[in-house]
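Q:
Protein chains: 4
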Amino acid sequence: MLAQEFRHTRRVHFQDTDLAGIIHFSNYFRYMEETETEFLYALGAQSGEADFHEWFLSPRVGVQAEFLRPTRFGDKLDVMLSVEHMGRSSIGFRFRFLRGDELVARGSMRAVYVGHNENGGLRSTAIPDKLRPLLEPYLVKE
Amino acid sequence: MLAQEFRHTRRVHFQDTDLAGIIHFSNYFRYMEETETEFLYALGAQSGEADFHEWFLSPRVGVQAEFLRPTRFGDKLDVMLSVEHMGRSSIGFRFRFLRGDELVARGSMRAVYVGHNENGGLRSTAIPDKLRPLLEPYLVKE
Amino acid sequence: MLAQEFRHTRRVHFQDTDLAGIIHFSNYFRYMEETETEFLYALGAQSGEADFHEWFLSPRVGVQAEFLRPTRFGDKLDVMLSVEHMGRSSIGFRFRFLRGDELVARGSMRAVYVGHNENGGLRSTAIPDKLRPLLEPYLVKE
Amino acid sequence: MLAQEFRHTRRVHFQDTDLAGIIHFSNYFRYMEETETEFLYALGAQSGEADFHEWFLSPRVGVQAEFLRPTRFGDKLDVMLSVEHMGRSSIGFRFRFLRGDELVARGSMRAVYVGHNENGGLRSTAIPDKLRPLLEPYLVKE
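Protein chains in written order, with our numbering: chain S, 880 to 1021; chain W, 880 to 1021; chain G, 880 to 1021; chain L, 880 to 1021.
1) Measure from the C-beta of S:Arg-909 to each C-beta in chain W and report whether the shortest distance is under 8 Å.
2) How big is the Cα-Cα spacing for W:Gly-1022 and W:His-964?
3) My output table needs one value for G:Thr-1004: the three-state DSSP class, helix, strand or coil.
4) So, W:His-892 versus S:Glu-915, is the Cβ gap smaller than 8 Å?
5) Nearest CA to the CA of W:Ile-901: which residue from W:Glu-933, W:Tyr-920, W:Asp-954 and W:Leu-922?
6) Quick check: L:Ser-969 and L:Val-1019, are their CB atoms within less than 8 Å of each other?
7) Residues of chain W with CB under 8 Å from L:Gln-943, in chain order?
8) Between which two residues does the alpha helix (DSSP H) carrying G:Leu-1013 extend?
9) Just list the residues that DSSP pairs G:Ser-969 with in beta bridges.
10) So that I know if they touch, is there some Cβ in chain L lying closer than 8 Å to that of W:Pro-938?
11) Within the 8 Å Cβ cut-off, does G:Asp-957 reach chain W?
12) Using 8 Å as the Cβ pair cut-off and three pairs as the minimum, do the stretch 883-890 of chain G and the stretch 897-911 of chain L touch?
13) Of the residues S:Glu-1015, S:Val-993 and S:Leu-1014, which one's Cα is nearest the Cα of S:Phe-861?
14) Residues of chain L with a CB under 8 Å from the CB of W:Ala-899: which are they?
15) At a Cβ threshold of 8 Å, is G:Thr-896 touching chain W?
16) Using C-beta distances below 6 Å, list every residue in its chain close to S:Phe-885, excluding the 5 sequence neighbours before and after it, in chain order.
17) Find out if the Cβ-Cβ distance for the pair L:Gln-828, L:Pro-1016 is shorter than 8 Å.
18) With three or more C-beta pairs closer than 8 Å as the rule, is the stretch 999-1006 of chain G touching the stretch 933-950 of chain L?
19) Please compile the residues from chain L whose C-beta is within a distance smaller than 9 Å of the C-beta of G:Thr-888.
20) The beta strand (DSSP E) with L:Arg-909 in it runs from where to where?
21) Tell me which residue opens and which closes the beta strand (DSSP E) that G:Gly-850 is part of.
22) Report back the beta-carbon spacing between G:Ser-987 and G:Gln-943 to the nearest angstrom; my notes put them in contact at under 8 Å.
23) Based on DSSP bridge pairs, tell me the residues matched to W:His-887.
24) Are the beta-carbon atoms of S:Glu-877 and S:Arg-948 separated by less than 8 Å?
25) How would you list, in chain order, the residues of chain G whose beta-carbon sits under 9 Å from the beta-carbon of W:Phe-952?
26) Mind checking who G:Glu-943 pairs with in its DSSP beta bridge?
27) Apart from the five residues on each side of it in sequence, which residues of its chain come closer than 6 Å, Cβ to Cβ, to W:Phe-897?
28) Cα separation between S:Arg-967 and G:Leu-977?
In structure tokens:
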């Protein structure tokens, strides 16, 4: 059953292309993160330090992507985000990149929510309570 | 007398920050170019190879910027573009970066329109005829 | 049995960090590609258009990475490349990121060699004949 | 009279090119900063937090560059750094980009040394005492 997806639309920019005339693959990861950020703002995150630590401080532990079709300068991409995994502190996002109806790439990103422990280091921490129910509708049931 | 300005709004993204917690200055130049691209699309440029060669193939010959206030993750910036110079083949864009009413940075970028000559090299060429009148309203009169 | 590994050493640069004080994950993919390029130059590739088309024109079809330890500004990383797969036209590189003796990240990248067909499009083509034997010593036997 | 220059050699990487087949101009600023970092390490800066705050925490207040010749994938560039200005807290670096004997670009970057004040904000501070004499040989006398 398909989950709800969040859509972020963005143009492939000139600086994202390489001399082969197509978007350099490393930029797909920038687009993924940009989409995650816009998603969290859409869910209610605010700018500012408090929300940053609560909503955004989630180092990535793994990412992957497959590139199915070349994309070019000026293409408009819809980046579709859903949640493919939600643990106590870890979260996995799934991304589909569409140009119109055409799937041009897909990928996923796993992150772990962290907080500062007493000596200033980082330790994994639970996904924020207020965030969890907001993520539910986007969770892929398989 | 102030010229018309084109506005492109964008968020400062996580990946654009550095460990000092502020946007890394090199990204302002990415924002400038992104704004120029959106400007040309707004004027009527189409995706595709023909328009690319006519509207976008303008290597930069010089750029500069001043950074007046630090900008941070989540800030929304309005990038305001005007034309400060228009020669036969060269064009100079001026950029003001606003966070609300506050001017946080400003910069400029000079480019030269080029075409391919018979041996495949590049030579400067006139600003496209259909582009010139569209740029006029954005030209700063001083 | 371990294959030979190619080593590329590089510093984590300021612009590669983000506001969490660690390297932004998207840069690992830049480091991977940089390492592949230095590897091909070490094997004998020359700058210039001919070698570019023969050695380098291999669009990526998939990449993945795992981030095991945070890396910081000023860290020196040894990026270790080996070949984990070699097909007719496809190649898979494996990367290990070491900070001293410590494995901080690992990843892989799959690419397909392509050439231009008669209508200017791209089609997959065999790995160049002179490249294949040079890659052999780096092939991981499992 | 010419000052001593620090040299940092680096290759133009694939990901630094754009679809016009040349290096995207925004990367020159990355190369500048990379060169400044290598320069400070060569002068004796160490990795780690203390040296970071003393040697590296200098937000940029302005940068500019001129692009004289296109540079391409695989080109080796020598980035030559000298000091064109040294005030109480401000410093100006000058950069020349050479491909062999050919000057392909030049630029400059102004920065201000800062420290944290009592409320955690940033204020300009003097260039570190141990850094100033080390910079002297690189100061351009005009």
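All C-beta atoms in this analysis are idealised placements derived from N, C-alpha and C, irrespective of residue type, glycine included. Predicted model only: the values in this text are computed from it and were never measured.
A: The answer reads as follows:
1) yes
2) For residue 1022 of chain W there is no data in the structure shown, the boundaries of chain W being 880 and 1021.
3) coil
4) no
5) W:Asp-954
6) no
7) Gly-941, Val-942, Gln-943 and Ala-944
8) 1011-1014
9) G:Val-991
10) yes
11) no
12) no
13) Residue 861 of chain S lies beyond the stretch modelled for chain S, which goes from 880 to 1021, so this question has no answer here.
14) Leu-936 and Pro-938
15) yes
16) Phe-918 and Leu-960
17) Because chain L spans 880 through 1021 in this model, residue 828 of chain L falls outside it and cannot be assessed.
18) no
19) Per Cβ cutoff of 9 Å: no residues; G:Thr-888 is ~13 Å from chain L at best.
20) Per DSSP, L:Arg-909 belongs to no beta strand (DSSP E); it is in the alpha helix (DSSP H), 905-922.
21) With chain G covering 880 to 1021 only, the question about residue 850 of chain G has no answer from this structure.
22) 6 Å
23) W:Val-958
24) What the structure shows of chain S is the stretch from 880 to 1021, and residue 877 of chain S is not part of that stretch, so it cannot be assessed.
25) Asp-897 and Leu-898
26) Strictly speaking, residue 943 of chain G in this sequence is Gln, with Glu absent from that position. S:Gln-943 and G:Ser-987, per the DSSP bridge assignment.
27) The sequence given here has Asp at residue 897 of chain W, not Phe. Cβ neighbours of W:Asp-897 beyond the five flanking positions: His-903.
28) 30 Å
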